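Sequential numbering from 13 applies to the sequence shown in this note's numbering. The C-beta atom is built at its ideal place from N, Cα and C for all residues, glycine as well. All values derive from a computational prediction rather than experimental measurement. This report concerns only the one structure given below.
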Amino acid sequence: MTTTLFTFVKQTFNKLTNVGVYPDMPYVESRYTKLINILNWIGMCCMFTYVIINFTNERYFLSFLNLLNVCDAATVIFLNKSRKYLSARLVMVGSRLVIYTIAGLYFHNGGEYFLVALLITTSLMFDTK
């Protein structure tokens, strides 16, 4: 039973990680795409939890910003699946820059730390440009 469950979890993780990764992709590009997918799936789960928590605490605007983050992550994964990798990265960087700036300035909730993480991730992804 545990072996079957482990196999199922492993296969599901591989399917979620490899959205938009195809055999004819360059190695570095496939690694970037997998990294972006992992970060977006984790981020979607966390941000959806924050949507619920902030909504129940009557912080509707912050809940809306978190919902925008969830939609952004879903859009990035959809664009990766559609093989629009540069568009996915630009959407991810652009929308999160705006969302985290607004959340950090308006709520003083540590959004600037997300901006620093976004800056580091962006510099890693666009190192050749």
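Less than 7 Å between the C-beta atoms of residue i and residue j, yes or no?
i: V63; j: N78; result: yes
i: N81; j: I114; result: no
i: L136; j: R108; result: no
i: A100; j: G55; result: no
Excluding the five sequence neighbours on either side, which residues of its own chain have a C-beta within less than 7 Å of the C-beta of residue i, listed in chain order?
i: G106; result: none
i: S42; result: V33
For residue i, does the three-state DSSP call read helix, strand or coil?
i: D84; result: helix
i: A39; result: One detail in the question is off: residue 39 reads as Tyr in this sequence, not Ala. Correct three-state label for Y39: helix.
i: V31; result: coil
i: G122; result: coil
i: K22; result: helix
i: N49; result: helix
i: K93; result: helix
i: R71; result: coil
If you drop the 5 nearest sequence neighbours on each side, which residues of the same chain put their C-beta closer than 6 Å to that of residue i?
i: L28; result: W53
i: M59; result: N78, N81, V82
Would you check whether the ligand COA has a heavy atom nearer than 6 Å to the C-beta of residue i?
i: T134; result: No copy of the ligand COA occurs in the structure displayed, which carries no ligand at all.
Considering only residues of the same chain and omitting the five flanking positions on each side of residue i, which have a CB-CB separation below 8 Å?
i: G116; result: G122, G123, E124, F126, L127
Any 3 or more C-beta pairs closer than 8 Å across the stretch 89-100 and the stretch 42-49: yes
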